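Here the structure is laid out as structure tokens; the discussion comes afterwards.
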Amino acid sequence: MSLKARLIERIGDGGPLTVAQYMDACLHDPQDGYYATRPALGEEGDFITAPLVSQMFGELIGLWAVSVWRSLGAPAPFRLVEAGPGDGTLIGDILRAGRLDPAFLAAADLWLVEASPPLRARQAEVVTKAGAAARWAASLAEVPAGAPLVLIANELLDCLPARQFVRTAEGWAERMVGVGADGELAFGLSPSPLPLAADAPPGAVFELSPAQEAFGAELAARIVADGGAGLLIDYGRDAPSFGDTLQALRRHRKVPVLETPGEADLTMHADFPAVAAAARREGAATALTTQGEFLVRLGLVQRAEALAAARPERFETLERQVGRLVGADQMGRLFKALCLYYPPGLSPPGFEEG
Ligand code: SAH
Numbered sequence: 002m003s004l005k006a007r008l009i010e011r012i013g014d015g016g017p018l019t020v021a022q023y024m025d026a027c028l029h030d031p032q033d034g035y036y037a038t039r040p041a042l043g044e045e046g047d048f049i050t051a052p053l054v055s056q057m058f059g060e061l062i063g064l065w066a067v068s069v070w071r072s073l074g075a076p077a078p079f080r081l082v083e084a085g086p087g088d089g090t091l092i093g094d095i096l097r098a099g100r101l102d103p104a105f106l107a108a109a110d111l112w113l114v115e116a117s118p119p120l121r122a123r124q125a126e127v128v129t130k131a132g133a134a135a136r137w138a139a140s141l142a143e144v145p146a147g148a149p150l151v152l153i154a155n156e157l158l159d160c161l162p163a164r165q166f167v168r169t170a171e172g173w174a175e176r177m178v179g180v181g182a183d184g185e186l187a188f189g190l191s192p193s194p195l196p197l198a199a200d201a202p203p204g205a206v207f208e209l210s211p212a213q214e215a216f217g218a219e220l221a222a223r224i225v226a227d228g229g230a231g232l233l234i235d236y237g238r239d240a241p242s243f244g245d246t247l248q249a250l251r252r253h254r255k256v257p258v259l260e261t262p263g264e265a266d267l268t269m270h271a272d273f274p275a276v277a278a279a280a281r282r283e284g285a286a287t288a289l290t291t292q293g294e295f296l297v298r299l300g301l302v303q304r305a306e307a308l309a310a311a312r313p314e315r316f317e318t319l320e321r322q323v324g325r326l327v328g329a330d331q332m333g334r335l336f337k338a339l340c341l342y343y344p345p346g347l348s349p350p351g352f353e354e355g
């Protein structure tokens with residue numbers, strides 16, 4: 002029985018699902034969920050991420066991690082954690098850049114937080130090839146506390162399940178996934194609107210991600226207790242705003258969200274203001290900027306120039322990669338970088354003002 006058929010049956014038995022419940026089933030259903038069964042990253046797959054655009058992305062983040070570790074006083078051991086490592090490209094590039102400081106690699110106790118069994122297998126190949134060793138955890142809570150933490154997560158927040166509320170004359174009604182008269186999955190509204198404080202014109206959509214906030218709070222609590230920094234990069238908002246950002250991608254094309262559950266990647270914008278606020282409530286310091294600003298401050302342009310000087314035939318490719326990562330009309334502005342850190346004097350690179 003397909004996931005769609007099982008969801009229709011589940012809704013028939015238990016009533017409509019919240020968008021968050023629907024996302025969770027589409028991404029993580031053990032039998033048919035997208036990440037559980039057929040995650041396909043890259044040019045030939047369903048979606049492409051910054052590490053797959055250019056190895057410069059992961060190398061700069063590797064150097065960022067080394068610099069943060071040095072600022073922390075070069076603790077040994079420390080937990081080097083990537084959450085949601087996808088096909089392993091990013092951790093491969095981080096480990097390669099980390100070789101510039103062998104003490105960093107020697108001190109790193111590497112953990113990969115990954116929900117997807119097929120992706121864990123691909124990450125293991127990359128780590129072995131890099132001559133490193135890693136352990137896997139299903140959640141941050143499974144990574145042992147008691148040592149400073151340097152965590153990186155690229156495009157993880159956007160796949161944590163979120164809820165949507167629609168402004169109606171009566172208040173904010175939760176958007177639900179039910180079954181229409183034609184027997185197909187259909188969006189509807191919960192009959193009992195909530196009196197949320199935010200005001201907005203009728204039809205406005207408000208998104209709320211308890212899972213993103215919980216991740217920010219849990220990460221911040223760890224960092225405050227043990228010292229360290231977390232770098233969260235994703236597409237999303239840097240100020241509270243309204244709008245429906247739920248999106249399904251298949252082979253680089255947007256497809257209707259309810260049409261092929263489990264067969265497409267399903268995401269919602271990262272809610273950086275909410276994640277940062279949750280982290281500050283735990284006592285962590287936070288800094289937020291755009292991916293473009295972050296990478297330029299870390300020296301992306303100089304790195305590309307150095308690579309182009311060594312291999313002039315690569316100039317156009319490198320130029321295109323830089324444009325894609327930092328261009329205001331490409332990933333540079335829509336994607337943001339959020340850093341949670343402690344102690345507050347740490348000043349992680351890439352987030353300096355001005
Ligand atoms: N960081 C990679 C991949 C991003 S795709 C890159 O930039 O290319 C999202 C990743 O997060 C996948 O590895 C997916 O399996 C993982 N993931 C999704 N939900 C998760 C969860 N709840 N817990 C842990 N990992 C999760």
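In the working numbering, the protein residues as written are 2 to 355. Where a beta carbon is used, it is the ideal one built from N, C-alpha and C, also for glycine. A quick note: this is a predicted structure, and the numbers were derived from the prediction, not measured.
Residue Leu247 holds the alpha-carbon nearest to the alpha-carbon of aspartate 266 among Leu247, Asp272, Gly284. Exposed is the label assigned to proline 241, since fewer than 16 other Cβ atoms lie within 10 Å of its Cβ.
Around the Cβ of lysine 130, a 10 Å sphere holds fewer than 16 other Cβ atoms; the residue is exposed. Assigned with DSSP and collapsed to three states, isoleucine 12 falls in helix.
When the beta-carbon positions are compared, leucine 150 and glycine 229 come within less than 7 Å of each other.
Remark: fewer than three beta-carbon pairs, one from each stretch, lie closer than 8 Å, so the stretch 19 to 35 and the stretch 195 to 205 are not flagged as touching. Here arginine 312 is exposed: its Cβ has fewer than 16 other Cβ atoms, across all protein chains shown, within 10 Å. C-alpha of proline 40 to C-alpha of leucine 120: approximately 7 Å in a straight line.
Annotation for serine 72: Leu347, Ser348, Pro349 place their beta carbon closer than 8 Å to its own, counting only its chain and skipping 5 residues before and after.
Counting along the chain, no alpha helix (DSSP H) covers aspartate 266; the unbroken beta strand (DSSP E) around it starts and ends at 266 to 268. Taking a cut-off of 8 Å for Cβ pairs, the stretch 94 to 114 and the stretch 70 to 85 touch, as three or more such pairs fall below it.
When DSSP states are grouped into helix, strand and coil, isoleucine 49 belongs to the coil group. Within its own chain, the residues whose Cβ lies closer than 6 Å to the Cβ of glutamate 60, once the five positions on either side in sequence are excluded, are Asp94, Ala98, listed in chain order.
For alanine 125 and aspartate 88, the gap between their C-alpha atoms comes out near 9 Å.
The ligand SAH never approaches glycine 99 closely enough for any of its heavy atoms to be under 6 Å from the residue's Cβ. Under the criterion of beta carbons closer than 8 Å, valine 178 and valine 20 qualify as touching, at roughly 7 Å. Of the residues Met24, Ala154, Gly181, the one whose Cα lies closest to the Cα of cysteine 340 is Ala154. The stretch 284 to 296 makes no contact with the stretch 179 to 190, as fewer than three CB pairs between them are under 8 Å.
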